[in-house]
Each structure stands twice: as structure tokens, then as C-alpha cells.
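Engineer:
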């Protein structure tokens, strides 16, 4: 319980030491270089079993060299070097750096570096404010300023899409101009440097000018697509269906001159969490805007409606897989707290302390099921029923007989997982396990998980699982 305050105290001492060497140099987005370097050096020290006294004992030349290398990686990217205690530091895109296998990113308005998994993916904070100011300035003498200014929007639909969307533009048939936040070129929108935000704003203004110039023809496409999508709803779901087209959106960055640009259709219907939300379909420019080509999402909505009715008959709101349930049960705040977050949000971030680096996990909704991704530096990585155990070697005879074993017989994990292994193989210094991951019923509001009947007949089933799924 004292790890966070201790970490903050250590960083404060290292920052003070670095400020004496570096002064007020920043990393390109207002974050002091001293604060960013302090995080990197402490991560380097922890990974090599060094401590605060070792960091503070580094001489000025060592500190300056490490900070200079870090500054280049954060502002320019595509660079790699060694930190004072031997950890590898590398960066592909500006705004972030991988230290000892852990991805750390800048966050505008917040000092230091932060685990990428713990930072928000959407557009927010000082970088969003800066972007809007730049767009206002760059369009103050252009007619396209009438399109307005973008706001952040997140849509969870097979993956999480974080975007910037303008208001519906009436003169273009209500078309919504949008851009993805990853277009900044930074690992996260909040970690983009001022230079990246400036370039992003310039590119967005070019999109605005293209939409303004072509507003009549793009408007015709928007209205045709809307009519076809509404006809697709009628054909697939009938006139009383609780689904509607909310908007037609377009990304013009790569198709400003295309005759029939590709567009997105956004529906207000049952989403990945089986709640009312936004679900999107994509219509490539080469495809005709016909009702037949726009029936996929109405069909998904109809299937999800039937699924939700069946779940509700058992008092459930969805399902949760075994790995997600195990991680939620091991979370410091407890299972109920994690499920409460998932009752309102599409994901929940969990940090589980271990004897070494912490385990970072994200629990998220996909098609009515809560799933998980997890990473623990130098120890494990889990994604899509694939568990990689890092820095582990097993005899060949054991690897060959992994199929059918329980995970607990093979690996010691930071959470109690009851799953069988369907296959295993070696990968460099790691062992990769394929898992047979089952699901249980879940009610996030009630904070409960219980088994799904094997025969599929939900009936009046309402059981509570023993630990670790139940609250102790």
C-alpha cells in the first residue's frame, strides 16, 4: 500500500538531482526532461536490481548523457541506446520510449513518463486544447471554418477507435468529418509533441478544405448512404426495430480527390457491451450504397437483442471469460469494484503488484463477453487465449506433453487461473501456451459471476462461485 508514495518520493529526489544538471529543458510537449529522465532511470535501476542510492550516485556526465539520449528518442523516435545500469531503451515513434521492455509514454500536462497501458487512448487534455486552437488559427481566413471544431469520440466495435469528429456539416448532407487520434504519429494522443500536434492540425485543415470544396457531391453520397442504410434496417429488422442510423462519417486524409470516397455508417443500437451505444459499418468507395450491402449491422443488432433477452432471463447482463474473471478477482480493489467499472465503461484497467514488475491488465467488452489482455515485464504476456511465459525454459519432454495440463501445473501466475492448456511451444527464451478459456455469466451491477448451464438452458439458475470468483 505504500509503493506509490515511496515511488513518488524517490522520483522527487531524482528529479531534483537531474534539474541541477539539465535545468528547465522540456521533452517537446511541456513535460520537463528532468521528470521524464527520472522515471526512465528508476525503471532502469529496478530492472537491474539497483536502488535509489545508485541512481543518486551517478555523476553529472552519466546523467546528462542518459537524458540527452532519452530526449532524442522522445522528440525524434527511431533510436536505441543503453541506460546507465544496462537496460535497453528504444523508441520507434516520438512521444514514447521502451525501457527494459516496458513501454513508457509522455502525457501532456502530467510530469514524468507513464506506462502506456495506464494512459487514456482518446483525445483529451492540453493536446486537444492545443489542436483546437491551432485549427482555429489556421482557418480564420478560410471558408471551411464553418465546418466547426472537432471533439473527441470513442467507439468500441471489434476494437477501440478513438477519433476526433466535427459536427454534422449540413451543407454536405450532414456528413461528419473525422480523423483518428493515432494519426498524430505518437503512441497516444496525449503523448504527442507540440510539433506532432502542429503537423496534425495542418493535415486536418487540408481535410476541411477538401470537404468544403466538394461539399455538394459528398453531400449527395451521404444522403444516398443514409437512405440505403435505413432501408437495410427495415429489411433486416422490420419497422419497429430499436436501431437507427445516427450519422455518416468520412476520413478524407487519403481520399480527398476520390470520386466515391469510402464512408462509415454509425448506428445507435446494441453495442459490444450489449448496451445502447454506437456500432459502425464501413462502405468502401468501390461498393454500391445499396440496402443489400448495408444489412450487416442490423443483423448483428437483431442477434444481440435475442442474446440479451436470454441473458436477462437468467439475471445476467453478459459473459466473462476465465482469464478476465481471475484477473478481476486478484485486483487490489476486488472483483466487485472491477465489475462496477465495467457496468458503465467498455474497459477497466487493473494493476496487480508482484514481487517484480507490476502486472498491467485491461479487461474489456467484446460482443457481450468480458475479455482480458495482460502484460508483466519479463514475466508474461496474455492476449486472445495465448499466454507467453517469458524467460522460462522447460525440458523438451515437458513441452511435448503440455496439452491437457492445467495452467497451474505449469506456471505460477499473479492470479488464480483454472484453464487447461491445448498446446505449447518454445519461442526463444519463452514458452507459449494456447489455453482453453471458458466463459461464465456475469452481472456487473450486482458484482456477481456464476456458471453457465452446460445444456444452455438458463432457467432459474443463480449460483455463486466459490473463491476466487466470489468476494471473500
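In this note's numbering, the protein residues as written are 1 to 472. Just so it is clear, CB atoms sit at the ideal spot from N, CA and C, and this is done for glycine as well.
1. Measuring alpha carbon to alpha carbon, tell me which of 80, 342, 387 and 41 ends up nearest residue 408.
2. Among all the DSSP beta bridges, which residues are the ones paired with residue 99?
3. Closest by CA to residue 189, which one among 301, 437, 29 and 412?
4. Helix, strand or coil: how does DSSP classify residue 349 here?
5. Going by C-alpha to C-alpha distance, which of 146, 264, 299 and 213 sits closest to residue 241?
6. With a threshold of 8 Å, are at least 3 pairs of Cβ atoms found where one atom belongs to the stretch 232-247 and the other to the stretch 289-304?
7. Tell me whether the beta-carbon of residue 201 lies closer than 8 Å to the beta-carbon of residue 147.
8. Measuring only the C-alpha atoms, how far is residue 262 from residue 401?
9. According to DSSP, is residue 15 helix, strand or coil?
10. Under 6 Å Cβ to Cβ from residue 161, same chain only, skipping five residues before and after it: list those, please.
11. Counting Cβ pairs closer than 8 Å, one from the stretch 320-339 and one from the stretch 444-452, do we hit at least three?
12. Looking at the structure shown, is residue 166 part of a helix, part of a strand, or coil, going by DSSP?
13. For residue 144, which of 73, 166, 84 and 404 has the nearest alpha-carbon?
14. Which first and last residues belong to the beta strand (DSSP E) in which residue 266 is found?
15. Could you tell me the alpha carbon to alpha carbon distance between residue 471 and residue 335, rounded to whole angstroms?
16. Which runs of the alpha helix (DSSP H) at least 4 residues long sit entirely within the stretch 283-314? Give them in chain order.
17. Can you look up residue 151 in the DSSP assignment and give me helix, strand or coil?
18. Distance, Cα to Cα, residue 150 vs residue 164?
19. Compare the C-alpha of residue 354 against each of 405, 311, 413 and 389 and name the closest.
Structural biologist: Per the coordinate set shown:
1. Numbered from its first residue, the chain shown carries residue 408 at position 408. When each option's Cα is compared against that of residue 408, the closest is 387.
2. Indexing the chain shown from 1 puts residue 99 at position 99. According to DSSP, which records beta bridges pairwise, residue 99 is partnered with 89 and 102.
3. Taking the chain shown and counting its residues from 1, the one referred to as residue 189 is at position 189. Looking at the Cα atoms, 29 is the closest of the given residues.
4. Stepping through the chain shown from its first residue, residue 349 is reached at position 349. Strand, per DSSP.
5. Start at 1 with the first residue of the chain shown, and residue 241 comes out as number 241. Closest option to residue 241, Cα to Cα, is 299.
6. yes
7. Along the chain shown, read from residue 1 onward, the residue named residue 201 stands at position 201. Along the chain shown, read from residue 1 onward, the residue named residue 147 stands at position 147. Their beta carbons are not under 8 Å apart, which means residue 201 does not touch residue 147 by this criterion.
8. Within the chain shown, the letter at position 262 stands for residue 262. Within the chain shown, the letter at position 401 stands for residue 401. Cα-Cα distance, rounded: 50 Å.
9. As a working note, residue 15 is residue 15 in the chain shown. Residue 15: helix per DSSP, three-state reduction.
10. For the purposes of this step, residue 161 is identified with residue 161 of the chain shown, where counting begins at 1. Cβ within range, chain order: 155.
11. yes
12. Walking along the chain shown from the start, residue 166 turns up at place 166. The answer is coil: DSSP assigns residue 166 none of H, G, I, E or B.
13. Reading the chain shown from its first residue, position 144 is the one you call residue 144. Of 73, 166, 84 and 404, the residue nearest in Cα terms is 166.
14. As a first step, residue 266 must be located in the chain shown, where it is residue number 266. First-last of the beta strand (DSSP E) with residue 266: 263-270.
15. If you number the chain shown from 1, residue 471 lands on position 471. If you number the chain shown from 1, residue 335 lands on position 335. Here the model assigns residue 471 a pLDDT of 34, short of 50, so the residue's position is not dependable, and the following value carries that caveat. Spanning the two alpha carbons is a distance of roughly 7 Å.
16. 296-313
17. Locating residue 151 in the chain shown gives position 151, where the first residue counts as 1. In the structure shown, residue 151 sits in a strand (DSSP, three-state: E or B).
18. What you label residue 150 is simply residue 150 of the chain shown in a count that begins at 1. What you label residue 164 is simply residue 164 of the chain shown in a count that begins at 1. Taking the straight line joining both Cα atoms gives about 6 Å.
19. For the purposes of this step, residue 354 is identified with residue 354 of the chain shown, where counting begins at 1. Among 405, 311, 413 and 389, the Cα nearest to that of residue 354 is on 413.
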